[in-house]
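J.:
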Amino acid sequence: MTTVNPGVIMTRPKRKPGRRSYTKSLYQLAEVIQKINNGQVLINKNAEDDAYQQFGWGLSDIKDAYRKLRPKHFHKTNVSKYIPGVAIDTYKATINGEQIYTHFYINDKSKLLVINSFHEQ
Numbered sequence: 009m010t011t012v013n014p015g016v017i018m019t020r021p022k023r024k025p026g027r028r029s030y031t032k033s034l035y036q037l038a039e040v041i042q043k044i045n046n047g048q049v050l051i052n053k054n055a056e057d058d059a060y061q062q063f064g065w066g067l068s069d070i071k072d073a074y075r076k077l078r079p080k081h082f083h084k085t086n087v088s089k090y091i092p093g094v095a096i097d098t099y100k101a102t103i104n105g106e107q108i109y110t111h112f113y114i115n116d117k118s119k120l121l122v123i124n125s126f127h128e129q
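With the numbering used here applied, the sequence shown covers 9 to 129.
This is the structure in structure tokens:
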């Protein structure tokens, strides 16, 4: 906090809910990969179906693709339209010759990594 005039305290404005970040991911990739390696991952049916239909990939292929994500692949963090208060990280990458678009979050209660989208860019 900064004091400009005696008795007046100025604070930095709070970030508006629903704003996007295009500079820094919310979830650390090391934690994401650790959760995949420990089996703490839930891949939504839509993500699984899209990966199979568009790339011929199964669950193990999706997990392998996540292990190959790097910070440079980060696209944005956004607030979920469907789950109030949940932030979702989005990544775009070319992996195994395929251009993928995926997003995920870590569930606060279950601590599971939830991959809710995985498809072609």
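The beta-carbon is built from N, C-alpha and C at its ideal position, and this holds for glycine as well.
None of the values given here were measured: they were computed from a predicted structure.
1. Out of Gln36, Glu56, Leu120, point me to the one whose CA is closest to Tyr109's CA.
2. Can you give me the Cβ contacts of Gln107 inside the same chain, cut-off strictly under 7 Å, excluding the 5 residues immediately before and after it?
3. Compute the Euclidean distance between the alpha carbons of Thr19 and Val40, then round it to the nearest angstrom.
4. How far does the beta strand (DSSP E) with Val122 in it reach, from first residue to last?
5. What span of residues does the beta strand (DSSP E) with Gln107 cover, start to end?
6. Can you list, in chain order, the residues of its chain with a C-beta nearer than 6 Å to that of Ile123? Leave out the 5 residues immediately preceding and following it.
7. Counting only the same chain and skipping the five closest in sequence on each side, list residues whose C-beta sits under 7 Å from that of Gln62.
8. What number of angstroms, rounded off, separates the C-alpha of Leu77 from the C-alpha of Gly66?
9. My output table needs one value for Lys35: the three-state DSSP class, helix, strand or coil.
10. Asn45: which of Ile114, Lys100, Ser125, Arg75 sits nearest, CA to CA?
11. Counting only the same chain and skipping the five closest in sequence on each side, list residues whose C-beta sits under 8 Å from that of Tyr60.
T.: Judging by the given coordinates:
1. Glu56
2. Glu128, Gln129
3. Unreliable positioning characterises Thr19 in this predicted model, as indicated by a pLDDT of 42, which lies under 50. A coordinate reading is not provided.
4. 121–128
5. 106–114
6. Ile51, Ala55, Phe112
7. His127, Glu128
8. 17 Å
9. The question names Lys, but residue 35 in the sequence shown is Tyr. DSSP places Tyr35 in coil when its eight states are reduced to three.
10. Arg75
11. Gly66
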